[in-house]
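Okay, so the sequence shown: first residue is 7 according to my numbering, each after it adds one. Idealized CB from N, CA, C, for every residue including glycine. Values in this document were obtained by computation on a predicted structure and should not be read as measured data. In what follows, a structure is listed as structure tokens, so that the remarks can point back to it.
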Amino acid sequence: MKMLLAVRLLLLTLQPGVLSLKSREISVKAGEMVALQCPYYRKWKQGGSTVTWTSRTAQREYVINNVSRPELRQMGVLLNRRSLVILSASANHQATYSCSLGKPHRLFWFTVSVNPAQSRNMFSQTCHAQESCKLSCPDVNVPAVKTPGMSNKGITWHKEGELLQNHGYLPSVEEKDHGVYTCTRSYLHRGRIYNMTFTVALDVHPKKREKAAAIISPHNHDVVFVELGSPAEIHCKAVMYSDFDDIFWLSGKSVVQRNPELPFSSNSKWESKGEEVNMTASLFFKKVSDDDLKRNYTCKLESVSQTSSFVTVTLAKKVRPSCVPLAVNTVGIAVVMTVTVLLYVKFKIDITLFFRDTLGCHRGVSDGKSYDAFVMCYKSNTDAGLKADDRRWLEIVLEEEFGYRLCLHDRDIQLGKAVANAVLECIEESRTVVLVPTSLDPGLGSGLLSAVHEALVERQTRLIFIKSEATKEMTSGSLPEDLQLLSEAGDCVTWRGRSSSSSFLKRLRFYLPASPKELKIRLLQTSRTELPKTSQV
């Protein structure tokens, strides 16, 4: 039979011009009242289209609107536009009901099943211990408020068959109040009472932790700096947890008015975020006067759940910053920077060598060069060049004391090679070229010196040009052209004899690349400390 009814409903929904929604399942206890409410349709006008109610069972289908009032009364059905009320449900009322609205017709379905025992869904409610709570009786499928000939007779509550005298109000919830309650809605129609019964399961939770309202800003005894004759604002912000809490400003003991025409006034705004209410009370000054500076201003928080709290602030004249400290600081910083630069320029060589020798601050060597410097001699125009023993002393100091790897013309150039090619090969394998003046002619022609200059420029190899003190005093242009080009292309260091070797060596080492000697010593010490100790037999 149910299958036949379902097929008939399906054929109805397939008719052109019919829009159907899913059926609502309604379960009602036998003998109780139930009301079907046809949902409101925005295109349906209260005084326009008629709401058509239809009843369908496996045996019968009819339009309820076509049934006369006496017959409806005999059936126990009350029809009121969008509402269809079954006064006392029985097996005869068990059917599928539909209501249609407008054109095209919109069908809303209700499947009503009548059960001898209570079969309504159980509703749940939560209350908190030690707090008052009002039980809420569900209003599902109840008659419309203005149903003709029907009046509401109120709600009665029962728990385990015992009538509650307080109409579902619990002044202070306890754990024993947990359980299932029954509420009965009663309606009077034509001298007879009709009931609707619901069950509510009450769950008692522990008492909610009360949150205290508080003023966030400003803090008590804060001083607000203002400018005389200028407008000013002070904002008092608070967090509250009740709509009955409030904050406002006091001037002395008087409440600041909200009239913006006054010299100073107040205003407030609030924002609700769940249980939390953020409120801001603002104090406005049109033009700050001397009298305003003499008053105390208090932001007061009044709460229904706690004692009032206060925050008092005062106004003070804003002091304009003096230009003298700023000027002194600026001059002081400039002096410090100038002195620092001068000291660095004066002691640049000593500072660089200190970091290089003591802290090992030098760039790693990974250019594939074989020598740190290529030492060449050139013929000095004076007799003040380095003597043979001076040159030998310089080479020994650089190699043995400071650990430089030198390519020497008279030692490392292979015999049988052309001089020019051998010199260029040494330049290729060296990071720096050092030209040393000598009184004897080393046999380097001007053509070779020009080739050396071109090689240095092409390979961007650093050049250190050592001059004797006599050569330094010569005017520019007194050197041969090829030497003049080399002296201008490189860094010049003046030789004044071994008596001044300390300053000469410092400047020479400053221009030379960092010596790897210190790095080798550190690696050797590290490797020794990491060797495992052998036990003595």
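Excluding the 5 residues flanking it on each side, E31 has same chain C-beta neighbours closer than 6 angstroms at T117, in chain order. The criterion of a C-beta distance shorter than 7 angstroms is satisfied by A207 and V186. D296 and L234 have their C-alpha atoms spaced approximately 7 angstroms apart.
P149 carries a coil assignment under DSSP once its states are collapsed to helix, strand and coil. P154 counts as exposed, since fewer than 16 other C-beta atoms from the protein chains shown sit within 10 angstroms of its C-beta. The C-alpha of A333 is placed about 54 angstroms away from the C-alpha of Q312.
Of the candidates R504, I470, R196, N127, the residue whose Cα lies closest to the Cα of D395 is R504.
In the structure shown, P76 adopts helical secondary structure according to DSSP, grouped into three states. The DSSP-derived three-state label of L446 is coil.
The bridge partners DSSP lists for E308 are D252. The segment 334-341 makes no contact with the segment 314-323, as fewer than three CB pairs between them are under 8 angstroms.
In chain order, D488 place their CB closer than 6 angstroms to the CB of S456, counting only its own chain and leaving out the 5 sequence neighbours on each side. Residues of the same chain with a CB within less than 6 angstroms of the CB of T63, apart from the 5 flanking positions on each side, are A101 in chain order. In the three-state reduction of the DSSP assignment, H227 falls in the coil class, being assigned neither a helical nor a strand state. The three-state reading of DSSP puts A36 in coil, since its state is none of H, G, I, E or B.
DSSP places L268 in no alpha helix (DSSP H); its state is neither H nor E. Contact annotation, M285 with I253: C-beta distance approximately 6 angstroms; criterion of less than 8 angstroms satisfied. The beta carbons of C143 and C105 sit no closer together than 7 angstroms. Counting the other CB atoms within 10 Å of its CB gives P269 a total below 16, which places it among the exposed residues. Counting other Cβ atoms within 10 Å of its Cβ, T56 stays below 16 and is therefore classed as exposed.
No Cβ-Cβ contact shorter than 7 angstroms links S257 with K243.
Counting C-beta pairs closer than 8 angstroms gives fewer than three between the segment 396-404 and the segment 341-360, which falls short of the contact rule.
Judged by pairs of C-beta atoms under 8 angstroms, the segment 202-222 touches the segment 118-138, as three or more such pairs exist. V330 has its alpha-carbon roughly 56 angstroms from the corresponding atom of E464. The residues A244, V245, M246, Y247, D251, L307, S309, Q312, in chain order, have a CB closer than 7 angstroms to that of A219 in the same chain once the five nearest residues on each side in sequence are set aside. Boundaries of the alpha helix (DSSP H) around S493: 487-495. The distance from the Cβ of V262 to that of S272 is about 4 angstroms, consistent with a contact at the 8 angstroms cut-off. For the 7 angstroms CB-CB criterion, L412 and A379 form a contact.
S288 and D249 have their C-alpha atoms some 19 angstroms from each other. In its chain, beyond the 5 residues on either side, S157, K159 have a beta carbon closer than 6 angstroms to the beta carbon of L194.
Under the three-state reduction of DSSP, T60 is assigned to strand.
For E181, the closest C-alpha among the options V232, H211, C432 is that of H211.
The straight-line gap separating the alpha-carbon atoms of R79 and Q171 is approximately 35 angstroms. Between Y517 and I472, the CB-CB gap reaches or exceeds 7 angstroms. Straight through space, the alpha carbons of A41 and V83 are spaced by roughly 10 angstroms. For E166, the number of other beta carbons within 10 angstroms of its own is below 16, and it is reported as exposed.
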